[in-house]
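Okay, so here's the structure we're looking at.
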């Protein structure tokens, strides 16, 4: 039998992409969604108890900080010329994201089974979250958050590639939106869980309760079937090492570059808002106690996140036959609508300000599915894991690595968080403009990625 007549593996014909989800796709998506849910629960439990952590480690009667933490306090105090405790608390988010973004590319290059990598990552971050509750000093707290980041790095760049190998291009936007529903829902549950558990049993138990579900999910990953790379597209999807040629290919891809830069600005906004919003509302706006605010904010994240994420993915897929750049268009327009809503938060009194927060969150979540679909569609399968890993590195380095620290420092200097919120709003608008710019390139870059696996 000649090569041109030879059946392709997994039932996918040579030179043609599969138009249907692959066997086991729904089960894999369900498990990955559940893992992503606890991924964001573990992240935002920390944000929910930020005021408790600040009081426990730096409040009246707290143990004197160790030499390393005192060094951080002295250095930031000299730099800011004011009390640096908000900035130091912001380092908890920063150290998590730094470890996450630096190790994600390493996990993306591993050639072992992807489900095994995911299992190891879930187990590590779950155990590290439990260790956060055991931390007896702020230095140990920083160390445990570092290991949470490493665990999540084993999952972040891998999971979207598994989904891409199970679902074809035409339905990938909607599927990615379902997967990324875990961001608002998990974040909301993290705020509610942290606020309720922390108020009744102490902030430590907010971290303890997330350990058992994570271990169970890690064990389930060991029984999942590994999908062939690139099986929903034509050609060879085998994973290769990441070379300078691959880097040049991604940098020369305008859809990839503009998508990544826009996502970096969005990540700055979401990271800063999520970390500081409960403290901003309780202490700087006086709109309720911490448990109440976490419950309301969590509810807003659930409703706005579900509605925004699903609507964004559905609308982008629906408009794709008519507008080739639909994934960029719906994302860019949503960000531009969200800018004035975010900008109005410091000026609108509560409870009406909750409506502005809801609208801003809805617009930020609207682009979650489309922007990640762009990454999958404009990169060839053999480069996709590395492309997602590089995206993670860039968006976090320019985004939520620095935003909690920057917004905390601005607050320390000005004595209010209003200016920080307004800066976030401006960056939201800038991200929208970048995505509208990318719309003109999307069809060309998607076709180029498809042709690269056909040749």
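In our numbering, the protein residues as written are 7 to 461.
Glycine residues also receive a C-beta, built at the ideal position from the N, C-alpha and C atoms.
Output needed for residue i: all residues of its chain with C-beta closer than 6 angstroms, excluding positions within five of it in sequence on either side, in chain order.
i           : result
residue 10  : In this prediction, residue 10 has a pLDDT of 40, which is less than 50 and means its spatial position is unreliable; what the coordinates show is noted afterwards. Nothing listed; no residue qualifies.
residue 39  : 185, 188
residue 288 : 296, 299
residue 137 : 150
Does the distance from the CB of residue i to the CB of residue j come in under 8 angstroms?
i           : j           : result
residue 278 : residue 409 : yes
residue 382 : residue 390 : yes
residue 132 : residue 216 : yes
residue 356 : residue 314 : no
residue 411 : residue 93  : yes
residue 270 : residue 401 : yes
residue 75  : residue 144 : yes
residue 86  : residue 419 : yes
residue 42  : residue 192 : yes
residue 295 : residue 197 : no
residue 428 : residue 349 : yes
residue 256 : residue 262 : yes
Work out the CA separation of residue j and residue i for me, nearest whole Å.
i           : j           : result
residue 345 : residue 450 : 29 angstroms
residue 386 : residue 431 : 34 angstroms
residue 103 : residue 97  : 10 angstroms
residue 454 : residue 53  : 41 angstroms
residue 62  : residue 141 : 11 angstroms
residue 243 : residue 168 : Because the pLDDT at residue 243 is just 47, under 50, the model does not fix this residue reliably, and the value given afterwards should be weighed accordingly. So the two alpha carbons sit approximately 12 angstroms from each other.
residue 130 : residue 37  : 17 angstroms
residue 220 : residue 328 : 42 angstroms
residue 337 : residue 66  : 46 angstroms
Ends of the alpha helix (DSSP H) at residue i?
i           : result
residue 57  : 56-64
residue 353 : No alpha helix (DSSP H) contains residue 353, which DSSP labels as neither H nor E.
residue 435 : 424-444
residue 95  : 91-115
residue 230 : Where residue 230 is concerned, there is no enclosing alpha helix (DSSP H), given that its DSSP letter is neither H nor E.
residue 251 : 250-257
residue 298 : 296-325
residue 531 : This structure cannot settle anything about residue 531, because the visible part of the chain is limited to 7 through 461.
residue 206 : 188-207
residue 143 : No alpha helix (DSSP H) contains residue 143, which DSSP labels as neither H nor E.
residue 170 : 165-170
residue 263 : 260-285
residue 376 : 374-383
Starting from the C-beta of residue i, find all residues in its chain whose C-beta is less than 7 angstroms away, skip the five residues before and the five after it, and write them out in chain order.
i           : result
residue 64  : 91
residue 285 : 56, 57
residue 330 : 448, 449
residue 60  : 91, 95
What distance in whole Å lies between the Cβ atoms of residue j and residue i, which are believed to be in contact at a cut-off of 8 angstroms?
i           : j           : result
residue 127 : residue 160 : 3 angstroms
residue 307 : residue 435 : That pair is no contact at about 21 angstroms.
residue 322 : residue 375 : 7 angstroms
residue 120 : residue 164 : 5 angstroms
residue 100 : residue 309 : Residue 100 to residue 309, Cβ: 29 angstroms. No contact.
Taking 7 angstroms as the line, does the beta carbon of residue i fall inside it for any heavy atom of the ligand MN?
i           : result
residue 380 : Ligands displayed in this structure: none; no statement on the ligand MN is therefore possible.
Leaving aside the five residues before and after residue i along the sequence, list all residues of the same chain whose C-beta is less than 8 angstroms from its C-beta, in chain order.
i          : result
residue 72 : 143, 144, 145
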